[in-house]
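Note that the working numbering has the sequence shown beginning at 1449, numbered continuously upward. Cβ atoms here follow ideal geometry from the backbone N, Cα and C, with glycine treated the same way.
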Amino acid sequence: MAGKAVFKDTDMQVIIGWVLRIGVIVSISVVFFGGFIYLYRHGESVPNYTKFTGVPDFVQLNGIIPGILNFRGRSIIQAGIILLIATPIVRIVFSAISFILEKDYLYIGISLLVLLIIILSSISGHAAG
């Protein structure tokens, strides 16, 4: 196998470690930035908890994106939380790629099954179990 690069399992573990670190650092930075904007704009206001007005726009995806574009702090915080939730999901994807490269079919199946359960739970709104 002269001239052919061999991909090692340790290389993928290093990549997965960096994916997790970067994901957490980016999500924390986004939440901190959103919190700063929120406190700058609303730090002096007093919340009224006596009346429930329903699910706020910044919780739904169609409200998060316009909120981010308008620099609304709560929408930016919500985006950071979504990034934090997405980080381990990206790790599962990278693990599946690693197992594909290693041709470890059992762990490919397990990784894809875990990914499928997470996706179906997210879409349906129900926890698996």
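Determine the contact status of residue i and residue j, defining contact as a CB-CB distance below 8 Å.
i: V1538; j: G1482; result: no
i: L1563; j: I1540; result: yes
i: I1516; j: I1525; result: no
i: I1556; j: F1547; result: yes
i: L1532; j: S1570; result: no
Suppose you measure from the CA of residue i to the CA of residue j; what does that come to, to the nearest Å?
i: I1530; j: I1567; result: 14 Å
i: G1528; j: V1478; result: 5 Å
i: V1507; j: R1522; result: 9 Å
i: E1492; j: F1484; result: 13 Å
i: D1552; j: I1545; result: 10 Å
i: Y1488; j: T1535; result: 28 Å
i: Y1486; j: R1520; result: 7 Å
i: T1458; j: L1560; result: 21 Å
i: P1504; j: I1473; result: 26 Å
i: V1436; j: F1480; result: Nothing about residue 1436 can be reported from this structure: the residues present for the chain run from 1449 to 1577 only.
i: S1572; j: I1565; result: 10 Å
| said: Quick test of the definition: if touching needs 3 or more C-beta pairs under 8 Å, does the stretch 1460-1468 touch the stretch 1504-1522? | reply: no
| Could you give the uninterrupted runs of the beta strand (DSSP E) lying entirely in the stretch 1535-1569, keeping only those of 3 residues or more? | none
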